[in-house]
Amino acid sequence: AMERMVKNLRSLRNEFKKEGIEVPMGIETMGKKEVFGSLDEIIEVCKRVHGVVPVIDVAHIHARGNGCLKEKEDFQKVFDSIQDLKLNHYLIHITGVKYDKGGEMYHVPIRKGDMPVIKLMECIVENDYNITIISESPILEHDAVYSQILLDRAMEMLK
Numbered sequence: 002a003m004e005r006m007v008k009n010l011r012s013l014r015n016e017f018k019k020e021g022i023e024v025p026m027g028i029e030t031m032g033k034k035e036v037f038g039s040l041d042e043i044i045e046v047c048k049r050v051h052g053v054v055p056v057i058d059v060a061h062i063h064a065r066g067n068g069c070l071k072e073k074e075d076f077q078k079v080f081d082s083i084q085d086l087k088l089n090h091y092l093i094h095i096t097g098v099k100y101d102k103g104g105e106m107y108h109v110p111i112r113k114g115d116m117p118v119i120k121l122m123e124c125i126v127e128n129d130y131n132i133t134i135i136s137e138s139p140i141l142e143h144d145a146v147y148s149q150i151l152l153d154r155a156m157e158m159l160k
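Below, the structure is given as structure tokens:
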């Protein structure tokens, strides 16, 4: 799967280049264990294909890891693992998620999931990461506002 992914992304990048399109291509971490898209796989693709950047879906990582993101340090490990890519900007997807031993089942509002988004926000603020956060919640606007509130709280806590 890795070789096919690398080959296809290189081909797509080259097609874009021929058309004069030179923008980063994002490849997202996936939530189901049986599909390509673990954090390690995404990092490997980004290392092997110039112009490909990771889109870090923390809910997918949380689901794939059976609820592995509980503390600020858990989120920090995610950022530490992509440090070798030397990114100056991160793309992050957030939502609540229901999962089982196979990984993600479906997205839910942030408050209905068990991933503590406030811990993610604390990690972001403490490290002053340059990030675009995209809400993938089923209640998109509400959770986008709620995420901003959590970010503001994290900023207040660090004052």
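With positions in the sequence shown counted from 1, the corresponding number in my numbering is that position plus 1. We treat Cβ as the ideally placed atom computed from N, Cα and C, and that holds for glycine.
Query, Result
"Are V56 and L10 touching if we call contact CB-CB under 8 Å?", "no"
"Please return the same chain residues whose Cβ sits closer than 8 Å to the Cβ of I44, not counting the five positions on each side in sequence.", "P55, S82, I83, D85, L86"
"Which residue wins for smallest C-alpha separation from I28, given the options K18, S148, D41, K73?", "D41"
"Going straight from the alpha carbon of V79 to that of L159, what length do you get?", "21 Å"
"For the beta strand (DSSP E) that L92 lies in, which residues bound it at each end?", "91 to 95"
"Could you tell me which uninterrupted alpha helix (DSSP H) segments, each at least 4 residues in length, are contained entirely in the segment 81 to 133, listed from first to last along the chain?", "118 to 128"
"Helix, strand or coil: how does DSSP classify I135 here?", "strand"
"Pull up the distance between the alpha-carbon of K18 and that of K71, whole angstroms please.", "41 Å"
"Specify, as a first and last residue, the run of the alpha helix (DSSP H) that V46 falls within.", "40 to 49"
"Going by C-alpha distance, which of E142, L141, Q149 is nearest I132?", "Q149"
"Spatial neighbours of K33 within its chain, please: C-beta separation below 6 Å, excluding the five flanking residues on both sides.", "G104, E105"
"Are M116 and L152 close, meaning C-beta to C-beta below 8 Å?", "no"
"What are the boundary residues of the alpha helix (DSSP H) that E157 is part of?", "141 to 158"
"Tell me the residue span of the alpha helix (DSSP H) that contains M6.", "3 to 19"
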